[in-house]
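Just so we're on the same page, the working numbering is the position in the sequence shown counted from 1, plus 606.
All C-beta atoms, glycine included, are put in the ideal place defined by N, C-alpha and C.
In what follows, a structure is listed as structure tokens, so that the remarks can point back to it.
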Amino acid sequence: MKKKTVVWTKNPESAQPLLDMLGQFDLEPKVASTLTQMLSHMAVPPPIAFVAADIFRECADDFSVVETAIPPDTILPLVWFSDQHPGGDDLKFALEHGVVDFWHPPYEMNSYHGRLDARLAERSRLDELLKKLSIHQDELEIARKVQEQLLPDKYPNVRGVRFAARYVPTEQVGGDFYDLLDFHEDSAGIFIADVSGHGVPAAFTTMSIKTAISTWGRGIVSPGETMILVNSLVKDLLEGSRYVTAIFGHIDAELMEFTFTNAGHPAPLLFRESQNGPEILETEAGFPLGIVPDATYPEKTVKLKPGDFLFLYTDGITEATNPEKEFYGEERLCKVIGENLDRDADTILDLLQQDLNTFVDGCPFQDDVNLIGIQLFEPEDAGEDKLLKDPFNG
607 MKKKTVVWTK
617 NPESAQPLLD
627 MLGQFDLEPK
637 VASTLTQMLS
647 HMAVPPPIAF
657 VAADIFRECA
667 DDFSVVETAI
677 PPDTILPLVW
687 FSDQHPGGDD
697 LKFALEHGVV
707 DFWHPPYEMN
717 SYHGRLDARL
727 AERSRLDELL
737 KKLSIHQDEL
747 EIARKVQEQL
757 LPDKYPNVRG
767 VRFAARYVPT
777 EQVGGDFYDL
787 LDFHEDSAGI
797 FIADVSGHGV
807 PAAFTTMSIK
817 TAISTWGRGI
827 VSPGETMILV
837 NSLVKDLLEG
847 SRYVTAIFGH
857 IDAELMEFTF
867 TNAGHPAPLL
877 FRESQNGPEI
887 LETEAGFPLG
897 IVPDATYPEK
907 TVKLKPGDFL
917 FLYTDGITEA
927 TNPEKEFYGE
937 ERLCKVIGEN
947 LDRDADTILD
957 LLQQDLNTFV
967 DGCPFQDDVN
977 LIGIQLFEPE
987 DAGEDKLLKD
997 PFNG
């Protein structure tokens, strides 16, 4: 069945180019300018893929109309379209109201085909998720499934770079997650975070941060500026003493550089074939997200070369304990990686995970384990992009 999309606008004529493009994509666009029209479109088939709205923060009442029309038990992607580029306050306002993407003219299929595919794929994943989840399921299980949906399903395709990642969740729903953003063939974004606490609050905080990174982190602004924007969002989401540690960086294969910022997270480790141990990539102090409202996040740029292995992680691995209550620790982690730099990135993470499992000897993890390995090659040696063989356990 063809899906429809509802386009909320007070000026249907200005939205006509967008409507024409959506029609070419085999969607059935419906225009709404009043709450009655919105409710009418929501109530009748075919199903809605997403809602597109032409609203800026000065029109908060319009957002209220859109939100009122969407049933409270419905997860529906919301796209913001406008002739203007939104500023920082507009971006924050929009994300707080569930916006997942920003569109602006010209509305041409060759420019928006991938983004429309992403919205429809997101809709399909959510539909599938909601089918599988009964309303009688425990809320923690629902939160776990939502969190799992946030992890990327394939690595970026960047010339001269191979990626590998692992996510090992605890029995509780935690707040660790990562994202790998495919900018273009020469660059990608890497984000890793640890939200303090467990359960539903941690899981849904990660969902909000994921949306923010997906929107702001696609190379339009620098890593430091992106982290400032995320901090402005996170400080309003967290309660009590909760906070988020995170690293966000851009890897540029053409310049052979890694530019990143750090919000109170364990420093990345850079292993080079010519060195005995890793270089710990420290930056100027950046506060964890959600603690200091006006915090700034200095950036650091590191030169890379073929043969380098860049490693990012959450402290769930170094703080894992064995039956004797000993910590796995950074020293053992570095030893396993350093002894296997001649292996590919996936194999290195497999061996690291195997060594971790041997060490804990059946003891449960107290925190999620997130691992990202990035390996530099001469461009002709690098592999094509590929699916993660298992984003949760390798």
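For the pair residue 923 and residue 934, the CB atoms are nearer than the 8 Å cut-off. For the 8 Å CB-CB criterion, residue 887 and residue 908 form a contact.
DSSP, reduced to helix, strand and coil, places residue 687 within a strand of the structure shown. Unbroken beta strand (DSSP E) runs of no fewer than 3 residues, entirely contained in the stretch 841–907, are found at 850–858, 863–869 and 875–877, following chain order.
Short of 8 Å from the beta carbon of residue 839, and not among the five residues preceding or following it, lie these beta carbons of its own chain, in chain order: 698, 701, 702, 814, 815 and 818.
A Cβ-Cβ distance of about 25 Å is found for the pair residue 916 and residue 849, leaving them out of contact under the 8 Å criterion.
Going by beta carbons, residue 757 and residue 783 fall inside the 8 Å limit. With fewer than 16 other Cβ atoms inside 10 Å of its own Cβ, residue 717 counts as exposed. With a 10 Å radius around the Cβ and a threshold of 16 neighbouring Cβ atoms, residue 851 comes out buried. If you check the CB distance, residue 912 and residue 983 come in under 8 Å.
Between residue 774 and residue 965, the C-beta gap is not smaller than 8 Å, which leaves the two residues out of contact. When only Cα atoms are considered, residue 872 and residue 906 end up about 15 Å apart. The beta carbon of residue 936 lies closer than 6 Å to those of 924 in the same chain, with the five residues before and after it left out. For residue 635, the enclosing beta strand (DSSP E) has its first and last residue at 634–638. Following the DSSP letters along the chain, one finds residue 610 inside the beta strand (DSSP E) bounded by residues 610–614.
Residue ranges of uninterrupted beta strand (DSSP E) with 3 or more members, entirely inside the stretch 704–734 and ordered along the chain, are 705–709. Judged by their CB atoms, residue 762 and residue 794 are nearer to each other than the 8 Å cut-off. In the structure shown, residue 931 falls within a coil segment according to DSSP collapsed to helix, strand and coil. Residue pairing for residue 647: DSSP places it in no beta bridge. By the beta-carbon neighbour count (other beta carbons within 10 angstroms, threshold 16), residue 617 is exposed. Across the set 658, 754 and 734, the C-alpha of 754 shows the shortest separation from the C-alpha of residue 974.
By the Cβ neighbour-count rule, residue 711 is exposed, with fewer than 16 other Cβ atoms within 10 Å of its own.
Rounded to whole angstroms, residue 978 and residue 642 show a C-alpha spacing of 48 Å. The alpha-carbon of residue 949 is positioned some 24 Å away from that of residue 788. Here residue 810 carries a helix assignment [DSSP, helix/strand/coil].
Each of 707, 955 and 734 was checked against the Cα of residue 657, and the nearest Cα belongs to 707.
Under the DSSP assignment, residue 795 falls in the beta strand (DSSP E) whose first and last residues are 793–801.
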